[in-house]
Amino acid sequence: MLRFGLTAFAISLLALPVVSTARAADNASAFVAKWDTDHDGTLDLAEVNKAADALFDKLDVDHDGTLDRKELGRRVTRTEFKAADKDHDGTLDKAEFETIVDKRFHAANPDADTTIEASELTTRSGKRLLLLLQ
Ligand SMILES: [Ca+2]
Ligand SMILES: [Ca+2]
Ligand SMILES: [Ca+2]
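Mapping the sequence shown onto this note's numbering, position 61 (from 1) lands on 64, and the numbers just tick up by one.
Set out below in structure tokens:
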């Protein structure tokens, strides 16, 4: 009985990362399917910017055309925010926000073609890009 319990425990430990990887892959595929407007199976920067635009509008709850740190939550680090806030007014307008999107897009696209595949969205950098867009 003890042995069975330990085996089941070991199996559950082994299964954990597999499940979360599968979820990340599902999430990535669903995201690509949603925003891949030219249906080539990948996301280019224009498509990613559309997703970023939609999120920007959703997060901008006071509709002042900018996002402050509170509206962005944990999507953007303090350093990224500072670097992107070119006019130093403590908020990001769409153009400023897109500079972060642009950086994360290129970080998540290590083969430096112009598109991101679902599999690239499951890497560490890919997940950071997704975090910014969802
Ligand atoms: Ca596409
Ligand atoms: Ca706002
Ligand atoms: Ca600003």
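Glycine included, each C-beta is placed from N, C-alpha and C at the ideal position.
Worksheet item: So is the beta-carbon of T45 under 7 Å away from any non-hydrogen atom of ligand 1?
Response: yes
Discussion item. Out of T125, N30, A54, A27, which one is the CA nearest neighbour of T40?
Written reply: A54
Practice prompt. Take every Cβ of the stretch 21 to 32, pair it with every Cβ of the stretch 80 to 97, and state whether three or more of those distances are shorter than 8 Å.
Written response: no
Worksheet entry | Any non-hydrogen atom of ligand 1 within 7 Å of E50 CB | yes
Worksheet item: Is the beta carbon of F59 less than 8 Å from the beta carbon of F100?
Response: yes
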